[in-house]
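The block underneath contains the structure these notes are about, expressed in structure tokens.
In the working numbering, the protein residues as written are 2 to 163.
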């Protein structure tokens, strides 16, 4: 929230950990629910880009739910497979990084030209391209490892009745 847009989406490890944990606790749509609430709260903090932030965080939650389902990761008292969780969160974080970067920097003339919204301040550069391609999976892998550690060490025996 405190970094300029879209750089703030490259360093979202805490958001990824919270979304992944919610996906482990609440089956099927837990990360989507938390993404919607987080998107709403973040949108209130940045009203100029509120709608984009809200949509991006819901989409991030959906991507995490899809990758948790695809990689067959379920929160259980036996723990989670750390490597599969790292891969799932790294993939979803890379995808949301590419999607948000593409819609905000690479192609703003296509998306915002007909709405009257002025273009963003940050211009495309190859350094930003490399940062998005590298930092998305790196941040996601870090968040996946932290999530697996937290779940396997402290949270696996907590039962939620929803």
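We treat Cβ as the ideally placed atom computed from N, Cα and C, and that holds for glycine.
The structure presented is a predicted model; accordingly, all values stated were derived computationally and were not measured.
- Residue 34 and residue 47 do not touch by the CB rule: their CB atoms are close to 21 Å apart, not below 8 Å.
- A straight line joining the alpha-carbon of residue 28 with that of residue 45 spans about 28 Å.
- Here residue 138 is actually not in contact with residue 89; their C-beta atoms are around 12 Å apart, not less than 8 Å.
- For residue 85, the enclosing alpha helix (DSSP H) has its first and last residue at 83–102.
- Cβ contact annotation for residue 52 (same chain, cutoff 8 Å, sequence separation greater than five): 44, in chain order.
- Collapsing the DSSP output to three states places residue 18 in a helix.
- Secondary structure at residue 80: coil, using DSSP grouped into helix, strand and coil.
- Under the criterion of beta carbons closer than 8 Å, residue 32 and residue 21 qualify as touching, at roughly 7 Å.
- Nearest neighbour of residue 69 by Cα position, chosen from 134, 38 and 25, turns out to be 25.
- When C-alpha distances from residue 57 are compared across 40, 71, 72 and 49, the shortest belongs to 40.
- The Cβ atoms of residue 102 and residue 129 lie closer than 9 Å to each other.
- In the DSSP assignment, residue 127 falls within the alpha helix (DSSP H) that extends over 127–151.
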